[in-house]
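A short worksheet on the structure shown next.
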């Protein structure tokens with residue numbers, strides 16, 4: 195469940211978003227391919243940016259992930275997912291992700307592209323063609339059970 199959390203403020207003093215999750219045993223979670231995440235499916239033109247910055251903390255310190263889906267300008271049905279991981283702790287951490295540090299998610303390309311009605315892209319992240327951003331926890335990297343994490347101060351940087 196995702197909700198605004200007026201009681202927990204980001205390092206910038208703004209309200210945060212709290213994501214409550216429950217991960218099943220690792221084998222089941224790995225099969226689902228689902229993240230516990232905050233997702234934005236709004237298409238964005240971030241052409242003049244070099245990356246994304248945000249603040250995050252978690253109730254337990256697992257590995258966290260970011261995925262960005264970007265399409266091809268010549269054929270918008272051609273989409274790739276780009277993936278990066280980072281550590282997050284129980285205290286707020288400002289995370290800076292440069293686009294160049296993200297890798298193409300080959301498992302997503304092979305398994306999920308066709309299911310979403312798309313074709314594999316060419317492996318080039320185009321900031322002016324961002325289709326979706328997800329920031330969250332990967333069930334393969336977190337222990338089974340329930341927990342929460344907080345996210346806020348999300349910005350693109352030049």
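Numbering (the working numbering), first residue to last: 195 to 352.
A virtual CB, placed ideally from N, CA and C, is assigned to each residue, including glycine.
**Report entry** Residue from 288, 296, 258, 267 whose Cα sits closest to the Cα of residue 281
**Finding:** For the purposes of this step, residue 281 is identified with residue 87 of the chain shown, where counting begins at 1. Cα-wise, what sits closest to residue 281 is 258.
Query - Nearest-angstrom Cα separation, counted from residue 317 out to residue 198 - result: Taking the first residue of the chain shown as 1, we reach residue 198 at position 4. Taking the first residue of the chain shown as 1, we reach residue 317 at position 123. Going by the C-alpha atoms only, they are around 34 Å apart.
Query raised in the report: Does the Cβ of residue 339 have 16 or more other Cβ atoms within 10 Å, making it buried, or fewer, making it exposed?
Result: Taking the chain shown and counting its residues from 1, the one referred to as residue 339 is at position 145. Residue 339 is exposed by the Cβ-count criterion.
Query raised in the report: Between the Cα of residue 202 and the Cα atoms of 269, 327, 252, which residue gives the shortest distance?
Result: For the purposes of this step, residue 202 is taken as the residue at position 8 of the chain shown. For residue 202, the nearest C-alpha among the options comes from 252.
Query - At least 3 beta-carbon pairs within less than 8 Å: the stretch 235-248 vs the stretch 331-338 - result: no
Query - Contact under 8 Å by Cβ, residue 207 with residue 272 - result: As a first step, residue 207 is located in the chain shown; it is residue number 13 there, counting from the start. As a first step, residue 272 is located in the chain shown; it is residue number 78 there, counting from the start. Taking 8 Å as the Cβ cut-off, residue 207 and residue 272 do not qualify as a contacting pair.
**Report entry** Residue range of the unbroken beta strand (DSSP E) whose run includes residue 334
**Finding:** In the chain shown, the residue the question calls residue 334 occupies position 140. Looking at the DSSP string, residue 334 is not in any beta strand (DSSP E), and its letter there is neither H nor E.
Query raised in the report: Thinking C-beta only, is residue 266 closer than 8 Å to residue 275?
Result: Mapped onto the chain shown, residue 275 falls at position 81. Mapped onto the chain shown, residue 266 falls at position 72. Result no, Cβ atoms of residue 275 and residue 266 do not sit closer than 8 Å.
Query raised in the report: Could you give the distance in angstroms between the alpha-carbon of residue 292 and the alpha-carbon of residue 219?
Result: Here the question's residue 292 lines up with position 98 in the chain shown. Here the question's residue 219 lines up with position 25 in the chain shown. Going from the Cα of residue 292 to the Cα of residue 219 covers about 32 Å.
Query - Per-residue burial, residue 300 [other beta carbons within 10 Å of its own, 16 or more giving buried] - result: Within the chain shown, residue 300 is the residue found at index 106, counting from 1. With fewer than 16 Cβ atoms within 10 Å of its Cβ, residue 300 is classed as exposed.
Query - alpha helix (DSSP H) segments (min. 4 residues) lying fully within the stretch 229-313 - result: 300-305
Query raised in the report: Within this structure, are the beta carbons of residue 230 and residue 319 separated by less than 8 Å?
Result: As a working note, residue 230 is residue 36 in the chain shown. As a working note, residue 319 is residue 125 in the chain shown. Their beta carbons are not under 8 Å apart, which means residue 230 does not touch residue 319 by this criterion.
Report task. Please report how far the alpha carbon of residue 329 lies from the alpha carbon of residue 278, in whole angstroms. Result -> As a position in the chain shown, residue 329 is number 135, starting the count at 1. As a position in the chain shown, residue 278 is number 84, starting the count at 1. Rounded to the nearest angstrom, the two C-alpha atoms are 10 Å apart.
Report task. Output the distance between the C-alpha atoms of residue 204 and residue 304, rounded to the nearest integer angstrom. Result -> In the chain shown, counting from the first residue as 1, residue 204 sits at position 10. In the chain shown, counting from the first residue as 1, residue 304 sits at position 110. Straight-line Cα distance between these residues: approximately 37 Å.
Report task. Give the DSSP bridge partners of residue 316, in chain order. Result -> Mapped onto the chain shown, residue 316 falls at position 122. Note: residue 316 sits in no beta bridge, so no partner.
Report task. Have a look at the DSSP bridge pairing and note the partners of residue 345. Result -> As a position in the chain shown, residue 345 is number 151, starting the count at 1. According to DSSP, which records beta bridges pairwise, residue 345 is partnered with 211, 250.
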